[in-house]
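Protein chains in written order, with my numbering: chain A, 13 to 240; chain B, 78 to 369.
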């Protein structure tokens, strides 16, 4: 599904963010990507979202070779991903329903289908009855669930969550993580970038540890490696 | 390929205008002011030109005969003039008619008797083409029995060069105004787009294509352009009407192009500039945010 083959990423200022990593993620896997600040996690996400291009090596996601992907095709590639950010990135002036519906409008989904599908997705993330609220009228945990619902809207194969629990309290973090596990059980490949040791240790999924741009550990059912 | 509903984009554009009300209002106000100033200057120049053209359209030359010329000689001279090139009309003004006219125009000569009449017979010639007037002038001066030729050659040349000067100033003014307008409009839209850069980045993350993101902004630009140009049209109309009234009551010799003759051009011109400015401003402002 996702293949990093000797992927290097150097920025124009000379910083080497990734020093040649090899990583294979199968369809339907759940992977925690962990590591200290500056380890290369954000760069890895940027490469997966095709915000940045790799410097050398090969990176493929499904049928897409991201090195060869033209700017014109990037939007079509991104429709195959569902993305969740630490700061939620919701439209502040759109309601919960409109925020989720927007992802479907972008791909030209007929209005009738949007009206039918959005409540179902909101139900999946336990947001019944909130569809007419604006983001500033709901809690941080609920906002992250809206972001999750938006990520699911177009039924993507891969969900990428960048520090999804970074802005919410621990109790709600568990709720969000449980939802991600639930989504993974529906057959989606889920990649979660996180700092939160307790969550990683609690869920015992595959853990990829990054440090100084290299993978230092990759273990299924692993724990957060604090000594990196 | 999926089909997108055009009403979706129009709806999004109106939503954007409404939700960013202050910026929309600022864009409309700026564009409207620029159109009023540009339009006002254009109308001013059009009217200056009209008046200059009218002044220049009095295409007449006066030819004075010898004081003691006989009626026969004068009749022959009249025939000869009539056969020259570039002549539209030749009107004979007798000594007596000349004196009557002079008496009527200048009070100081009101008591001059016919015996003391200093004026010779003359011909008022209406010619066709301003360009060939110097040839005609030369031919007239060389005719037997002609003592003096009064032409407006110098005045015509001066008016032509004044017109060229006005047009040059107008062209430069338009260029400067155009550049200033473009930057003001672009910056206004840029501010509007900047305030929504988060929105644009979210759109990109959920897979919106460049045109999907741009279209509502472009439609927004068009709506801003239409509103600003229609408002500018009515303001221009009011200002023009007011100035026309004022000039008519104080300076009757100045002629005005009626607004009804200009309204179609003004409205279409305003709408074209308004829409153009809106579209270009939107595209230029969006460009940097749409680079992947």
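Even glycine gets a Cβ: it sits at the ideal position worked out from N, Cα and C.
- Look at the stretch 35–122 of chain A and you find these whole runs of alpha helix (DSSP H), each 4 residues long or longer: 53–60, 86–90, 108–118.
- Cβ-Cβ distances below 6 Å link residue 15/A to 36, 72 in the same chain, with the five nearest sequence neighbours on each side left out; the list follows chain order.
- A residue is called buried when at least 16 other Cβ atoms come within 10 angstroms of its Cβ; residue 106/A meets this threshold and is buried.
- Rounded to the nearest angstrom, the Cβ distance from residue 95/A to residue 61/A is 7 Å, consistent with a contact under 8 Å.
- Under a 10 Å Cβ-count criterion, residue 124/B is classified as buried, with 16 or more other Cβ atoms of the shown protein chains found around its own Cβ.
- Here residue 115/B has 254 as same chain residues with Cβ atoms under 6 Å from its own Cβ, once five neighbours each way along the sequence are excluded.
- Bounds of any beta strand (DSSP E) do not take in residue 84/B; it lies within the alpha helix (DSSP H) bounded by 83–96.
- Under the rule that a run must span 4 or more residues, no alpha helix (DSSP H) segment is found entirely inside the stretch 117–146 of chain B.
- Here the C-alpha atom of residue 227/A lies approximately 18 Å from the C-alpha atom of residue 202/A.
- In the three-state reduction of the DSSP assignment, residue 105/B falls in the helix class, which pools H, G and I.
- Judged by DSSP in its simplified three-state form, residue 347/B adopts helix.
- In the assembly as shown, residue 244/B is an exposed residue. Its beta-carbon has fewer than 16 other beta-carbons within 10 Å.
- The residues 109, 112, 113, in chain order, have a CB closer than 6 Å to that of residue 130/A in the same chain once the five nearest residues on each side in sequence are set aside.
- If the five residues before and after residue 206/B are omitted, its C-beta is found closer than 7 Å to the C-beta atoms of 163, all from its own chain and listed in chain order.
- Put simply, the CB of residue 286/B is near chain A, with a gap under 8 Å to one of its CB atoms.
- Residue environment: residue 176/A is assigned as buried (16 or more neighbouring CB atoms within 10 Å of its CB, all protein chains considered).
- DSSP places residue 162/A in the helix class (H, G or I) of the three-state scheme.
- The C-alpha of residue 128/B lies about 24 Å from the C-alpha of residue 112/B.
- In this structure, residue 155/B sits near residue 167/B, with a CB-CB distance shorter than 8 Å.
- The continuous alpha helix (DSSP H) containing residue 157/B extends over residues 148–159.
- Per DSSP, reduced to three states, the secondary structure at residue 315/B is helical.
- For residue 177/B, the enclosing alpha helix (DSSP H) stretches over residues 172–182.
- In the three-state scheme derived from DSSP, where H, G and I count as helix and E and B as strand, residue 243/B is classed as helix.
- Contact of residue 149/A with chain B is not assigned, every C-beta pair being separated by 8 Å or more.
- Between residue 222/B and residue 174/B, the CB-CB gap reaches or exceeds 8 Å.
- Taken through DSSP and simplified to helix, strand or coil, residue 342/B comes out as helix.
- Using a Cβ distance threshold of 8 Å, residue 159/A and residue 103/A do not count as a contacting pair.
- Among the bridge pairs identified by DSSP, residue 29/A is matched with none.
- The Cβ atoms of residue 56/A and residue 30/A sit closer than 8 Å to each other.
- For the pair residue 145/B and residue 191/B, the Cα-to-Cα distance works out to about 15 Å.
- Counting the other CB atoms within 10 Å of its CB gives residue 88/A a total below 16, which places it among the exposed residues.
- As the crow flies, the alpha-carbon of residue 218/B is around 11 Å from that of residue 139/B.
- Looking at the DSSP output, residue 218/A sits in a beta bridge with 43/A.
- Looking at the DSSP output, residue 204/B shares a beta bridge with 164/B.
- At a cut-off of 8 Å between beta carbons, residue 100/B makes no contact with chain A.
- Residue-level contact by beta carbon holds for residue 87/A and chain B, with a gap shorter than 8 Å.
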